[in-house]
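Just so you know, this note's numbering puts 20 at position 18 of the sequence shown, and the rest follows in order with no gaps.
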Amino acid sequence: MVCALLVLGALAGTAAQAACSDKTLRAMADAGRSVSTIAKRCGMSPDAVKDRLAARDTRPARAPAPAAEPAARAAPSATAPAPSPPAAAQSADVSKAASKPAAEPAKHPPGTVLELCGCYGSTPYGFTEANDECLSGKAVATRCPGYCPVNRSPWRRICS
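This is the structure we're talking about:
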């Protein structure tokens, strides 16, 4: 009887952890949901949610291209004489500066949280202001759950 309960508990534990995919967890976290809220929704422990979100963040996006390796090996075996060390350093600096144009940071899609919830003062909810970080160029003040001292209200800014 005890063994049956242990097996049933183990099966229920794995099923609860598989209730939400990594994509669902990431979407809820990006939407501003707390770890405890995600854990309750998915039937997981808060530690398991943190571990899965951290594992997702540390996973590399792509492996390096294998075609780059032969080109890197062929470059040192070139028959041209190597330039003197000061000239090589100067040419490397010039090539680095030429290869990296000043890139603007990527703009955020709608729904991206720009400020976490806090008691930043009083603001009308739905107040829209210009924001260069958003794709739309606008950010909206939205209400947050919680309480604040007198003459303040809990709110955050998100891209519209």
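In this text, a Cβ means the ideal position worked out from N, Cα and C, and glycines have one as well.
Nearest-angstrom Cα separation, counted from residue j out to residue i
| i | j | result |
| --- | --- | --- |
| serine 47 | arginine 54 | 11 Å |
| alanine 21 | alanine 50 | 12 Å |
| glutamate 117 | arginine 159 | 5 Å |
| serine 23 | lysine 42 | 14 Å |
| valine 142 | glycine 45 | 32 Å |
| alanine 65 | cysteine 121 | Note that alanine 65 has pLDDT 49, beneath the 50 cutoff, so the model's placement of it is unreliable and the number below is only indicative. Cα to Cα, alanine 65 sits roughly 43 Å from cysteine 121. |
| threonine 26 | valine 115 | 17 Å |
| arginine 154 | glycine 148 | 11 Å |
| serine 138 | lysine 109 | 9 Å |
| lysine 163 | glycine 123 | It is not possible to answer for residue 163, since the shown part of the chain is limited to 3 through 162. |
| serine 38 | valine 152 | 28 Å |
| cysteine 136 | methionine 30 | 20 Å |
Unbroken beta strand (DSSP E) run spanning residue i, endpoints
| i | result |
| --- | --- |
| cysteine 161 | 156-161 |
From the options, residue whose alpha carbon lies closest to that of residue i
| i | options | result |
| --- | --- | --- |
| cysteine 146 | Trp157, Asn153, Lys140 | Trp157 |
| threonine 125 | Cys150, Pro107, Thr114, Asp134 | Cys150 |
| aspartate 32 | Pro111, Pro107, Ala57 | Pro111 |
| glutamate 131 | Ala57, Ile40, Cys161 | Cys161 |
| glycine 173 | Lys140, Asp134, Cys136, Glu135 | Because the chain is modelled from 3 through 162, residue 173 falls outside the range shown and cannot be assessed. |
| proline 107 | Asp134, Thr26, Ser155 | Asp134 |
| arginine 35 | Ala57, Lys109, Gly113 | Gly113 |
| alanine 57 | Arg28, Ile40, Cys119, Leu137 | Arg28 |
| threonine 144 | Val37, Val152, Cys119 | Cys119 |
Bridge partner(s) assigned by DSSP for residue i
| i | result |
| --- | --- |
| alanine 141 | Glu131, Cys161 |
| valine 115 | Ile160 |
| cysteine 136 | His110 |
| cysteine 121 | Pro156 |
Residue i: first and last residue of the uninterrupted alpha helix (DSSP H) it sits in
| i | result |
| --- | --- |
| methionine 30 | 24-32 |
| serine 1 | The requested residue 1 does not occur in the structure, where the chain is confined to residues 3 to 162. |
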